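Have a look at the structure below before the remarks.
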Amino acid sequence: MRYNPVKQRISDTFQHRPFLRKLLFGLLRMILLRVWYVRRAIRQWAKHRKGQPQHILDAGAGLGQHAFYLASRCKDWSVLAVDVNVTDICRNNRLFDCEKYPNLYFKTADLLTFSQPDAFDLVLAIDVLEYIEQDEVVLRNFYTSLRPDGMLLVYVPSLMSLREGKNNKPFCEEQVRAGYSKEELCNKLRAAGFRHIKVRYVYAKPGIWSWRLSVKLPMQWLNYTKKAAFFLPLYYLLVYPVCVVLNYLDMWGNHEEGEAILAMAFK
Numbered sequence: 470m471r472y473n474p475v476k477q478r479i480s481d482t483f484q485h486r487p488f489l490r491k492l493l494f495g496l497l498r499m500i501l502l503r504v505w506y507v508r509r510a511i512r513q514w515a516k517h518r519k520g521q522p523q524h525i526l527d528a529g530a531g532l533g534q535h536a537f538y539l540a541s542r543c544k545d546w547s548v549l550a551v552d553v554n555v556t557d558i559c560r561n562n563r564l565f566d567c568e569k570y571p572n573l574y575f576k577t578a579d580l581l582t583f584s585q586p587d588a589f590d591l592v593l594a595i596d597v598l599e600y601i602e603q604d605e606v607v608l609r610n611f612y613t614s615l616r617p618d619g620m621l622l623v624y625v626p627s628l629m630s631l632r633e634g635k636n637n638k639p640f641c642e643e644q645v646r647a648g649y650s651k652e653e654l655c656n657k658l659r660a661a662g663f664r665h666i667k668v669r670y671v672y673a674k675p676g677i678w679s680w681r682l683s684v685k686l687p688m689q690w691l692n693y694t695k696k697a698a699f700f701l702p703l704y705y706l707l708v709y710p711v712c713v714v715l716n717y718l719d720m721w722g723n724h725e726e727g728e729a730i731l732a733m734a735f736k
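Just add 469 to wherever you are in the sequence shown, counting from 1, and you've got my numbering.
Take a look at the structure:
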């Protein structure tokens, strides 16, 4: 399935007013287990940084939901969100400039060449590396851009996500690789210079079922016809309580395997 056309369709729908974009972010926070994991990791990172100025890079920011969360969480945090998609960057700058977020800025950049030595305390790369052939180059750029003791937060699909595709192809056609193993991701992080690395599987069986109900089926319907958007509110009203229970079961479990990997690596 092609993911970018669906994402662009969603972005087009929620682009006209800041409150619509915030509504979209709220819906994503409610629905996506990935967002639950990312926000929990950010909260853990932020525990010992309350009231301290922090410089944060959201690499491959996309719609901007993580960058907005970080900027709104603490006014002392300066957030730079970069993406190769010029349309998304321009829209986000226009929308959030109206909302007076002086600590949030969106910029067009190619992660293969983007590097700012010792500039950031935290770098996010959420669903990014699987779209980049030269992921080792990007990881080295992240390492260079981090300050000493800075953290890289990475979220990628695992090789087990092949189960969702056919003929060993990734679920989203735009991906250049279907996923990573724990060992492969750790080795690439170490090769980039990172030493203190924490890696865990996420999206085990409960998360998989939640994803199928809340993401996979709706995206397939939207990919087929725009008219599917009209009955999605009723659909989510019915399945959301089930997805919440499944998400909690996934988050509080210790999984030996899963369809995605969450990694925290320190410089």
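Here a beta-carbon is modelled for each residue, glycine too, at the ideal position from N, C-alpha and C. All values reported here derive from a predicted model rather than from experimental measurement.
For the alpha helix (DSSP H) that S676 lies in, which residues bound it at each end?
Checking the sequence, you will find Gly at residue 676 rather than Ser. Residues K674 to W680.
Is it buried or exposed for H665, if we count other Cβ within 10 angstroms and need 16 for buried?
The residue is exposed, with fewer than 16 neighbouring Cβ atoms inside 10 Å.
DSSP three-state label for K519, please.
The answer is coil: DSSP assigns K519 none of H, G, I, E or B.
Determine, using beta carbons only, whether V623 and A550 come nearer to each other than 8 Å.
Taking 8 Å as the Cβ cut-off, V623 and A550 do not qualify as a contacting pair.
Cα separation between R565 and P571?
Residue 565 is actually Phe in this sequence, not Arg. When rounded, the distance between both Cα atoms is 9 Å.
Closest by CA to W678, which one among F488, R508, I500 and K736?
Closest option to W678, Cα to Cα, is I500.
Taking the C-alpha atoms as reference points, what is the distance between Y717 and N562?
Distance between the alpha carbons of Y717 and N562: 34 Å.
Check L580 in the structure and name its three-state DSSP category.
L580 falls in the coil class under three-state DSSP.
Nearest CA to the CA of K667: which residue from D596, L654 and P626?
Comparing Cα-Cα distances from K667 to each of D596, L654 and P626, the minimum goes to L654.
Distance, Cα to Cα, A587 vs K685?
Before going on, a small fix: residue 587 reads as Asp here, not Ala. Answer to the nearest angstrom: the Cα atoms are 39 Å apart.
Thinking just about the alpha-carbon of each residue, which of L489, H517, F494 and Q534 is nearest to the one in L593?
It is Q534.
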